[in-house]
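Visitor: Numbering-wise (the UniProt record's numbering), the sequence shown opens with residue 1 and increments by one.
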Amino acid sequence: MTGQAQNNDIIIEKAKDFFREVIAENHIKNTEKLKNINEFKINPFLNKYLANYLTGNDDPESISKALIYPRVLGTSINTSFGSNLQKFINTTLEGYGSTTTGMDIEFIDKIDRRKKYCQIKAGPQTINYDDVTTIQNHFKSAINLARTNNIPIANMDCVVGVFYGEDSELSAFYKMLAEDYTVLAGKDFWYHLTGDEDFYQKLTDGIGDIANEFDSTELLDETIKALAEQLKGIEGIEE
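#1: Could you tell me how far apart the beta carbons of residue 241 and Phe-214 are, in whole angstroms, since I believe they sit closer than 8 Å?
#2: Buried or exposed for Glu-61, please, with buried defined as at least 16 other CB atoms from any protein chain shown within 10 angstroms of its CB.
#3: Just tell me which of Leu-34, Thr-126, Asn-8 has its CA closest to the CA of Lys-225.
#4: Where does Phe-18 fall in DSSP's three states?
#5: For Glu-218, tell me which candidate among Ile-120, Ile-12, Ile-28, Asn-36 has the shortest Cα-Cα distance.
#6: When the Cβ atoms of the stretch 172-188 are set against those of the stretch 120-135, are three or more pairs found closer than 8 Å?
#7: Report yes if the CB atom of Ile-63 is closer than 7 Å to the CB atom of Leu-203, and no otherwise.
#8: Compute the beta-carbon to beta-carbon distance between Tyr-181 and Val-162, rounded to the nearest angstrom, for a pair I have assumed lies under 8 Å.
#9: Rounding to the nearest angstrom, what Cα-Cα distance links Trp-190 and Thr-31 in this structure?
#10: So which of Tyr-96, Ile-111, Val-132 has the shortest CA-CA distance to Cys-118?
#11: Using the DSSP secondary-structure output, state which residues sit across from Asp-161 in a beta bridge.
#12: Specify, as a first and last residue, the run of the alpha helix (DSSP H) that Phe-88 falls within.
#13: Mapping DSSP to helix, strand and coil, what is Ile-237?
#14: Less than 8 Å between the CB atoms is what I'm expecting for Ile-210 and Phe-19, so what's the real figure, rounded?
#15: According to the Cβ coordinates, are Thr-100 and Ala-154 closer than 7 Å?
#16: Are the Cβ atoms of Asn-8 and Asp-196 separated by less than 7 Å?
#17: Determine the burial state of Glu-79: buried for a count of at least 16 other Cβ atoms within 10 Å of its Cβ, exposed for fewer.
#18: Can you tell me whether Lys-87 is buried or exposed, with buried defined as 16 or more other CB within 10 angstroms of its CB?
#19: Please report how far the alpha carbon of Val-183 lies from the alpha carbon of Ile-234, in whole angstroms.
#20: Which residues in the same chain as residue 246 place their Cβ atom closer than 6 Å to its Cβ, once the five residues preceding and following it in sequence are excluded?
#21: With Phe-45 as the anchor, note down where its alpha helix (DSSP H) starts and where it stops.
#22: Would you kindly work out how many angstroms separate the C-alpha atoms of Gln-6 and Asp-112, rounded to a whole number?
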C-alpha cells in the first residue's frame, strides 16, 4: 500500500470516528429531547393533516410521528453536521492544516500537482452573499501575503472545497466565486485532495456503516410514545 493510500484510509477512519463520537452521539441526545412537548409548536390543524398524510389516521401516536420524524431525519442531523464542520476539518483533515490566515486546509492537488489554499464548506447550498465577500477577502489576503513573500499563488490555486454535492447543484453564490477562483464539489473535491477517483464513494460508505452501530429503533419508539402521551392533553387532539 502506498503512503497516499494509507493516508486516505486514515481519513476514512477519522471520519468514521468523528461521526461515531460527535454526530451520532448528538443525534441520540437531540432525539431524547423530543420526548418533551415544549420542543414543538403544536398546531392541531396542520399536525392532524400531516399525521393523516403519513399514517392514514390522526391519533396522538400518528401526530407524534409526524412531528418527530422530520426533526430526527432532517433538521437535527443537518444542523449537527453544519455546526460541527470545523471540528470535522480539525480532526479528520488535521494533516492538511493551514498556516495561512483564513484558510481551512492546504494541500498538493493530486491532479495538477500545484499547492492549493482551501476554504471548506459543507454543501452546495450552504453559503450566502456575505460568505462570498468573506471568502473573496480571505483569498485576496492570501495572494497578497504570498506575493510579499515571493511565493506565487494563482487565483486557480485558491479553492473552495465543498464536502458533498455536484457542480449542477451549486448555488448562485458558489458560481460567483467560481468566476475568479476554483470551486470543487463532492467527488471532485475529494479526488483532487486524495488522488483516488473513488474516494468520495468510499468515504460516504464508511460513514454510512456507522449507523449500523446504533440501533435507534427502540429510542425512537420510546420518544414517539412519550410525546403521544403529552399530546393527549392538547385541545383539539383526541385520544
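Don't be surprised by glycine CBs; every beta carbon is placed ideally from N, CA and C. This one's a predicted model, so the numbers in the text were calculated from it and none came from an experiment.
Guide: This is what the structure gives:
#1: Outside the shown range of the chain (1 to 239) lies residue 241, about which nothing can therefore be said.
#2: Buried is the call here.
#3: Leu-34
#4: helix
#5: Ile-28
#6: The stretch 172-188, when compared against the stretch 120-135, does touch it at the 8 Å Cβ threshold.
#7: no
#8: Actually they are not in contact, since the Cβ atoms of Tyr-181 and Val-162 sit about 12 Å apart, beyond 8 Å.
#9: Cα to Cα, the separation comes out at about 31 Å.
#10: Tyr-96
#11: Checking the sequence shown, residue 161 turns out to be Gly, not Asp. Looking at the DSSP assignment, Gly-161 forms a beta bridge with Ile-120, Leu-184.
#12: 85-92
#13: coil
#14: About 5 Å separates the beta carbons of Ile-210 and Phe-19, which is inside the 8 Å limit, making them a contact pair.
#15: no
#16: yes
#17: Here the sequence assigns Thr to residue 79, which means Glu is not the residue at that position. Exposed.
#18: Per the 10 Å Cβ criterion, exposed.
#19: Computed Cα separation, rounded: 50 Å.
#20: The displayed coordinates of the chain run from 1 to 239. Any statement about residue 246 would go beyond what the structure contains.
#21: 44-55
#22: 21 Å
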